[in-house]
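> Numbering (numbering that gives the first Met the number 0), first residue to last: 0 to 202. By construction, the Cβ of each residue, glycine as well, lies at the ideal position given by its N, Cα and C atoms.
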Amino acid sequence: MTDVERPSEYHRRLPYGERMSPEPMVGQQFFPFDGEFQVVPLNEPVLPEPPRVGEPGGKPCMTCEDPEWSAIWGDDQWILKGGLQNGLQMVALLVPREHYRLDNLPPELTATLGPMIQRVAGAIRRIEGVGRTHFNRWGDGSEHFHIWFLARPLGMMQLRGAMIAAWDDLLPRIPDDEARANARTVATALAETSGSTLGLAAD
0 MTDVERPSEY HRRLPYGERM SPEPMVGQQF FPFDGEFQVV PLNEPVLPEP PRVGEPGGKP
60 CMTCEDPEWS AIWGDDQWIL KGGLQNGLQM VALLVPREHY RLDNLPPELT ATLGPMIQRV
120 AGAIRRIEGV GRTHFNRWGD GSEHFHIWFL ARPLGMMQLR GAMIAAWDDL LPRIPDDEAR
180 ANARTVATAL AETSGSTLGL AAD
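(1) Terminal residues of the continuous alpha helix (DSSP H) containing W166?
(2) Residues bridged to V25 by DSSP?
(3) Using CA atoms only, rank isn't needed, just tell me which of W137, D202 and L158 is closest to R183.
(4) For L106, name the three-state secondary structure that DSSP assigns.
(5) So L194 and I71 are supposed to be a Cβ contact under 8 Å. How far apart are they, rounded?
(6) Is T132 helix, strand or coil when you go by DSSP?
(7) Go through its chain and collect everything with a Cβ distance to A200's Cβ below 8 Å, but skip five positions before and after it.
(8) For M203 and A150, which I take to be in contact (beta-carbon distance under 8 Å), what is that distance rounded to the nearest angstrom?
(9) Taking buried to mean at least 16 other C-beta atoms within 10 Å of its own C-beta, is W137 buried or exposed?
(10) Bridge partners for W77 per DSSP, in chain order?
(11) In this structure, does DSSP put V3 in helix, strand or coil?
(12) Return helix, strand or coil for R183, following the three-state DSSP convention.
(13) Measure the C-alpha to C-alpha separation of E22 and F29 and round it to an integer number of angstroms.
(14) Considering only residues of the same chain and omitting the five flanking positions on each side of N85, which have a CB-CB separation below 6 Å?
(15) Provide the residue span of the alpha helix (DSSP H) that contains R11, from first to last.
(16) Excluding the 5 residues preceding and the 5 following G160 in the sequence, name in chain order all residues of the same chain whose CB lies nearer than 7 Å to its CB.
(17) Does the Cβ-Cβ distance between F144 and V119 come in under 8 Å?
(18) Looking only at its chain, what residues have a beta carbon closer than 6 Å to the beta carbon of M19, apart from the 5 residues adjacent to it on each side?
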């Protein structure tokens, strides 16, 4: 790709094919690595971008094909997926039952998003040993709108911040029975207000 083909001045000034220095992150309190390592070379932009899951030309939307796969709680608008074995006590995904993107969520559904974030975050904190609930949206894997929730273990201060997702991959998987118990805790807490427990949380 030539400079003319790159879509913005931001893109045109980046050093493609080169490795960035890891120095800005090394030694930071939330960075989970030390010792010798390299940053992978920076790739050229891919244009047009490949379709996400659920977009025309992409793979079928997994949530639409099987809405309650890995679901632990749901109501008539939202589903919470989770309860799998992770390194953290809980990693969950909040998705609307209907297929929407963030930019076309209907106003009536958007109005319930904030309260749902509060509810899910609070429900995850009921798991024994959870200090806080982190949540975020990346939106690059699937078109179907989704928000990630990650449980930060109590007292585990180096797991604060954006690298908590990397820690989830690095930490030992929690036992299956513990994952199921945590899912039931979260789903039961949510069902106290509305909706019902689903899947393994209802076992």
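The answer reads as follows:
(1) I163 to L169
(2) BP columns for V25 are empty, so no partner.
(3) D202
(4) Per the sequence presented here, residue 106 reads as Pro, with Leu not at that position. Correct three-state label for P106: helix.
(5) Looking at the sequence shown, residue 194 is not Leu but Gly. G194 to I71, Cβ: 10 Å. No contact.
(6) Three-state DSSP puts T132 in a strand.
(7) Cβ neighbours of A200 beyond the five flanking positions: I71, W72, G82, R179, A182, R183, V185, A186 and T187.
(8) Residue 203 lies beyond the range of the chain shown here (0 to 202); nothing can be said about it.
(9) exposed
(10) P95
(11) coil
(12) helix
(13) 14 Å
(14) D167
(15) E8 to R11
(16) F29
(17) no
(18) V38
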